[in-house]
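Following: one structure in C-alpha coordinates, then a few remarks.
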Amino acid sequence: MINFISKFDSKTDNLGLFLPEEQLIFKNSKIDGAIKDQVNKFLKKIAKEKDKKKIHFFDISEDKRCFVIIFKKKLVNFEINDLGGSFRNLVASIKQLKNISFLASDSLKNKDLSQEKLIAEFLYGYTLKSYSFDKYKTKKKSNLNLILNICTDKPEKFNKEFKKLSFIKEGVFLARDLVSEPPNVLNPKNYTKEILKLTRLGLKVDILNEKKNERTRNEFFVGCWTRKC
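Every letter in the sequence shown is one number past the one before it in the working numbering, and letter 11, counting from 1, is 404.
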(Lines of atoms letter the chains of each structure in order from A and count residues from 1; the text may use other names and numbers.)
(Lines give C-alpha, C1' and ligand atoms only; values in the text may rest on other atoms or scores of the structure.)
Protein backbone atom coordinates (compact mmCIF):
# COMPACT_ATOMS: atom_id res chain seq x y z
CA MET A 1 0.00 0.00 0.00
CA ILE A 2 1.21 3.50 -0.87
CA ASN A 3 -0.06 6.60 0.92
CA PHE A 4 0.70 10.27 0.37
CA ILE A 5 0.49 12.17 3.63
CA SER A 6 1.28 15.68 4.85
CA LYS A 7 2.13 14.83 8.46
CA PHE A 8 5.33 12.91 9.16
CA ASP A 9 5.27 10.39 12.00
CA SER A 10 8.56 10.76 13.89
CA LYS A 11 7.89 7.41 15.62
CA THR A 12 7.74 5.53 12.33
CA ASP A 13 9.10 1.97 12.32
CA ASN A 14 11.45 2.69 9.42
CA LEU A 15 12.68 5.82 7.70
CA GLY A 16 13.13 6.34 3.96
CA LEU A 17 14.91 9.23 2.22
CA PHE A 18 14.90 10.42 -1.40
CA LEU A 19 18.13 12.33 -2.03
CA PRO A 20 19.95 13.86 -5.02
CA GLU A 21 23.38 12.44 -5.86
CA GLU A 22 24.80 15.97 -6.06
CA GLN A 23 23.94 16.81 -2.44
CA LEU A 24 24.27 13.91 -0.03
CA ILE A 25 23.19 15.72 3.10
CA PHE A 26 19.84 15.75 4.87
CA LYS A 27 18.58 18.92 6.56
CA ASN A 28 14.87 18.23 7.06
CA SER A 29 13.62 19.41 10.45
CA LYS A 30 10.91 16.72 10.65
CA ILE A 31 13.25 14.05 12.01
CA ASP A 32 14.95 13.92 15.39
CA GLY A 33 18.38 15.58 15.63
CA ALA A 34 20.12 12.40 16.81
CA ILE A 35 18.70 10.39 13.91
CA LYS A 36 19.59 13.19 11.49
CA ASP A 37 23.20 13.03 12.73
CA GLN A 38 23.27 9.26 12.13
CA VAL A 39 21.87 9.74 8.63
CA ASN A 40 24.39 12.43 7.68
CA LYS A 41 27.27 10.39 9.11
CA PHE A 42 26.18 7.49 6.89
CA LEU A 43 25.83 9.80 3.85
CA LYS A 44 29.35 11.17 4.42
CA LYS A 45 30.65 7.61 4.40
CA ILE A 46 28.91 6.94 1.04
CA ALA A 47 30.42 10.12 -0.44
CA LYS A 48 33.89 9.41 0.95
CA GLU A 49 33.95 5.86 -0.38
CA LYS A 50 32.48 7.04 -3.72
CA ASP A 51 29.90 4.27 -3.48
CA LYS A 52 27.96 4.23 -6.76
CA LYS A 53 25.02 2.16 -5.49
CA LYS A 54 21.71 4.01 -5.61
CA ILE A 55 19.97 2.14 -2.80
CA HIS A 56 21.41 1.91 0.71
CA PHE A 57 20.14 1.06 4.16
CA PHE A 58 21.51 0.94 7.66
CA ASP A 59 20.24 0.21 11.17
CA ILE A 60 19.28 3.26 13.20
CA SER A 61 18.55 0.98 16.16
CA GLU A 62 17.79 -2.69 16.78
CA ASP A 63 14.27 -2.38 15.40
CA LYS A 64 14.55 0.64 13.08
CA ARG A 65 16.16 1.00 9.66
CA CYS A 66 16.86 3.89 7.33
CA PHE A 67 16.60 3.40 3.56
CA VAL A 68 18.34 5.89 1.29
CA ILE A 69 17.36 6.24 -2.38
CA ILE A 70 19.82 8.32 -4.42
CA PHE A 71 18.74 9.93 -7.69
CA LYS A 72 21.00 11.12 -10.47
CA LYS A 73 19.95 14.43 -11.98
CA LYS A 74 19.70 13.05 -15.54
CA LEU A 75 17.83 9.81 -14.88
CA VAL A 76 15.14 9.08 -17.49
CA ASN A 77 11.80 7.37 -16.85
CA PHE A 78 12.76 3.73 -17.37
CA GLU A 79 15.89 4.13 -15.22
CA ILE A 80 13.77 5.54 -12.39
CA ASN A 81 11.31 2.64 -12.86
CA ASP A 82 14.22 0.17 -12.61
CA LEU A 83 15.37 1.87 -9.40
CA GLY A 84 11.88 1.44 -7.92
CA GLY A 85 11.85 -2.22 -8.98
CA SER A 86 15.25 -2.81 -7.35
CA PHE A 87 13.97 -1.25 -4.13
CA ARG A 88 10.98 -3.60 -4.21
CA ASN A 89 13.31 -6.59 -4.54
CA LEU A 90 15.35 -5.35 -1.58
CA VAL A 91 12.45 -4.80 0.84
CA ALA A 92 10.86 -8.10 -0.20
CA SER A 93 14.03 -9.86 0.98
CA ILE A 94 13.88 -8.27 4.45
CA LYS A 95 11.58 -10.03 6.90
CA GLN A 96 9.11 -8.31 9.22
CA LEU A 97 9.10 -4.92 7.49
CA LYS A 98 5.71 -3.33 8.16
CA ASN A 99 6.01 0.28 7.05
CA ILE A 100 8.48 2.89 5.82
CA SER A 101 7.87 6.63 6.02
CA PHE A 102 9.65 8.57 3.26
CA LEU A 103 10.87 12.15 3.17
CA ALA A 104 12.28 13.87 0.09
CA SER A 105 15.12 16.37 0.14
CA ASP A 106 14.08 19.90 -0.91
CA SER A 107 16.99 19.85 -3.35
CA LEU A 108 15.76 16.70 -5.12
CA LYS A 109 15.43 17.66 -8.80
CA ASN A 110 15.55 16.09 -12.22
CA LYS A 111 16.49 17.52 -15.60
CA ASP A 112 13.06 16.87 -17.12
CA LEU A 113 10.75 15.80 -14.27
CA SER A 114 9.20 17.61 -11.32
CA GLN A 115 9.76 16.13 -7.87
CA GLU A 116 6.25 14.62 -7.78
CA LYS A 117 6.71 13.01 -11.23
CA LEU A 118 10.14 11.72 -10.25
CA ILE A 119 8.84 9.97 -7.14
CA ALA A 120 5.71 8.76 -8.98
CA GLU A 121 7.94 7.09 -11.61
CA PHE A 122 9.95 5.43 -8.82
CA LEU A 123 6.76 4.11 -7.20
CA TYR A 124 5.45 2.98 -10.60
CA GLY A 125 8.55 0.81 -11.01
CA TYR A 126 8.09 -0.42 -7.45
CA THR A 127 4.49 -1.53 -8.11
CA LEU A 128 5.35 -3.11 -11.48
CA LYS A 129 7.61 -5.54 -9.62
CA SER A 130 4.62 -6.82 -7.65
CA TYR A 131 3.27 -8.69 -10.70
CA SER A 132 3.02 -12.46 -10.63
CA PHE A 133 0.97 -14.94 -12.64
CA ASP A 134 0.27 -17.86 -10.33
CA LYS A 135 -3.35 -18.47 -11.26
CA TYR A 136 -2.70 -22.15 -11.99
CA LYS A 137 -0.11 -22.77 -9.27
CA THR A 138 -0.93 -24.72 -6.13
CA LYS A 139 1.53 -22.67 -4.08
CA LYS A 140 0.76 -18.98 -4.49
CA LYS A 141 3.40 -16.28 -4.17
CA SER A 142 2.94 -14.39 -0.90
CA ASN A 143 2.18 -10.69 -1.23
CA LEU A 144 4.42 -8.03 0.27
CA ASN A 145 2.35 -6.40 3.02
CA LEU A 146 4.46 -3.29 3.32
CA ILE A 147 3.03 0.21 3.73
CA LEU A 148 4.94 3.10 2.14
CA ASN A 149 4.00 6.52 3.49
CA ILE A 150 5.29 9.36 1.32
CA CYS A 151 5.36 12.53 3.42
CA THR A 152 5.06 15.71 1.36
CA ASP A 153 3.65 19.22 1.56
CA LYS A 154 1.67 18.49 -1.64
CA PRO A 155 0.05 15.05 -1.13
CA GLU A 156 -2.79 15.71 -3.62
CA LYS A 157 -0.34 16.64 -6.37
CA PHE A 158 1.83 13.57 -5.73
CA ASN A 159 -1.21 11.30 -5.60
CA LYS A 160 -2.50 12.68 -8.91
CA GLU A 161 0.80 11.89 -10.68
CA PHE A 162 0.98 8.42 -9.19
CA LYS A 163 -2.65 7.69 -10.08
CA LYS A 164 -1.94 8.34 -13.78
CA LEU A 165 0.85 5.77 -13.74
CA SER A 166 -1.30 3.34 -11.73
CA PHE A 167 -3.76 3.19 -14.63
CA ILE A 168 -0.87 2.31 -16.97
CA LYS A 169 0.28 -0.35 -14.50
CA GLU A 170 -3.19 -1.96 -14.55
CA GLY A 171 -3.01 -2.05 -18.36
CA VAL A 172 0.45 -3.64 -18.23
CA PHE A 173 -0.77 -6.28 -15.76
CA LEU A 174 -3.80 -7.06 -17.95
CA ALA A 175 -1.55 -7.50 -21.01
CA ARG A 176 0.77 -9.80 -19.01
CA ASP A 177 -2.20 -11.85 -17.79
CA LEU A 178 -3.52 -12.30 -21.32
CA VAL A 179 -0.11 -13.28 -22.70
CA SER A 180 0.40 -15.78 -19.86
CA GLU A 181 -2.93 -17.58 -20.32
CA PRO A 182 -2.63 -20.92 -22.18
CA PRO A 183 -4.23 -20.95 -25.68
CA ASN A 184 -6.77 -23.62 -24.73
CA VAL A 185 -8.15 -21.18 -22.13
CA LEU A 186 -7.72 -17.87 -23.92
CA ASN A 187 -9.25 -18.81 -27.26
CA PRO A 188 -10.68 -16.06 -29.54
CA LYS A 189 -14.10 -16.23 -27.88
CA ASN A 190 -12.75 -15.84 -24.33
CA TYR A 191 -10.23 -13.23 -25.47
CA THR A 192 -13.15 -11.17 -26.81
CA LYS A 193 -14.90 -11.42 -23.44
CA GLU A 194 -11.77 -10.15 -21.66
CA ILE A 195 -11.35 -7.21 -24.04
CA LEU A 196 -15.02 -6.23 -23.69
CA LYS A 197 -14.42 -5.71 -19.96
CA LEU A 198 -12.41 -2.63 -20.93
CA THR A 199 -15.62 -0.85 -21.92
CA ARG A 200 -16.21 -0.33 -18.18
CA LEU A 201 -13.25 2.07 -18.29
CA GLY A 202 -14.82 4.06 -21.11
CA LEU A 203 -12.83 2.40 -23.89
CA LYS A 204 -14.69 1.85 -27.16
CA VAL A 205 -14.31 -1.76 -28.35
CA ASP A 206 -15.47 -2.92 -31.78
CA ILE A 207 -15.59 -6.70 -32.23
CA LEU A 208 -15.41 -7.76 -35.86
CA ASN A 209 -17.56 -10.75 -36.77
CA GLU A 210 -16.95 -12.70 -39.98
CA LYS A 211 -19.06 -10.33 -42.09
CA LYS A 212 -17.45 -7.17 -40.70
CA ASN A 213 -14.01 -8.72 -40.98
CA GLU A 214 -14.55 -9.55 -44.66
CA ARG A 215 -15.70 -5.99 -45.41
CA THR A 216 -12.74 -4.49 -43.56
CA ARG A 217 -10.32 -6.77 -45.40
CA ASN A 218 -11.79 -5.80 -48.78
CA GLU A 219 -11.53 -2.10 -47.92
CA PHE A 220 -7.89 -2.67 -46.98
CA PHE A 221 -7.08 -4.31 -50.32
CA VAL A 222 -8.88 -1.57 -52.27
CA GLY A 223 -6.99 1.07 -50.30
CA CYS A 224 -3.67 -0.62 -50.96
CA TRP A 225 -4.42 -0.98 -54.68
CA THR A 226 -5.38 2.69 -55.11
CA ARG A 227 -2.26 3.77 -53.21
CA LYS A 228 -0.10 1.15 -54.96
CA CYS A 229 1.24 -0.18 -51.65
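Glycine included, each C-beta is placed from N, C-alpha and C at the ideal position.
CB-CB length for residue i against residue j, believed under 8 angstroms
i: Phe515; j: Ile473; result: 5 angstroms
i: Phe419; j: Ser498; result: 6 angstroms
Exposure label - residue i; buried when at least 16 CB within 10 Å
i: Val461; result: buried
i: Ala427; result: exposed
i: Met394; result: exposed
i: Asn542; result: buried
i: Thr592; result: exposed
Proximity to residue i [Cα-Cα], best of the options
i: Asp546; options: Phe495, Asp456, Lys404 and Val484; result: Phe495
i: Gln431; options: Lys533, Phe450 and Asn577; result: Phe450
i: Leu410; options: Asn602, Asp527, Lys438 and Lys447; result: Lys447
i: Glu442; options: Glu455, Leu417 and Phe464; result: Leu417
i: Asn492; options: Lys502, Ser500 and Arg481; result: Arg481
i: Asp406; options: Ile540, Pro581 and Ala513; result: Ile540
i: Lys404; options: Lys604, Ser454 and Glu414; result: Ser454
i: Asp527; options: Ser559, Phe551 and Ser573; result: Ser573
i: Lys634; options: Asp456, Lys465, Gln489 and Lys522; result: This structure gives no information on residue 634, because the portion of the chain shown stretches from 394 to 622.
i: Gly478; options: Ile439, Gln489, Lys423 and Ile512; result: Ile512
i: Glu509; options: Lys553, Tyr529, Lys467 and Tyr524; result: Lys553
Cut-off 6 angstroms between Cβ atoms - residues of its own chain near residue i, not counting five sequence neighbours on either side
i: Ile600; result: Thr585
i: Asn421; result: Leu496
Contacting residues, own chain, Cβ-Cβ under 8 angstroms from residue i (five flanking each side not counted)
i: Phe435; result: His449, Phe451, Cys459 and Val461
i: Lys533; result: Asp527
i: Asn433; result: Ile418 and Phe419
Same chain, Cβ closer than 7 angstroms to residue i, five either side skipped, listed in chain order
i: Asp475; result: Gly518
i: Asp402; result: Ser494
i: Ile377; result: A query on residue 377 cannot be resolved here, the shown segment of the chain reaching from 394 to 622 and no further.
i: Ala485; result: Leu537
i: Leu483; result: Ile448
At which residue ranges does the stretch 509 to 552 contain complete beta strand (DSSP E) runs of 3 or more residues, listed in the order of the chain?
-> Qualifying beta strand (DSSP E) stretches, in chain order: 540 to 544.
Give, in chain order, every unbroken run of the alpha helix (DSSP H) that is at least 4 residues long and sits entirely within the stretch 422 to 486.
-> The qualifying runs are 426 to 442 and 470 to 485.
Run through the stretch 553 to 605 for me and flag every whole beta strand (DSSP E) of 3 or more residues, listed as ranges in chain order.
-> Every candidate beta strand (DSSP E) stretch fails here, since none sits fully inside the stretch 553 to 605 while reaching 3 residues.
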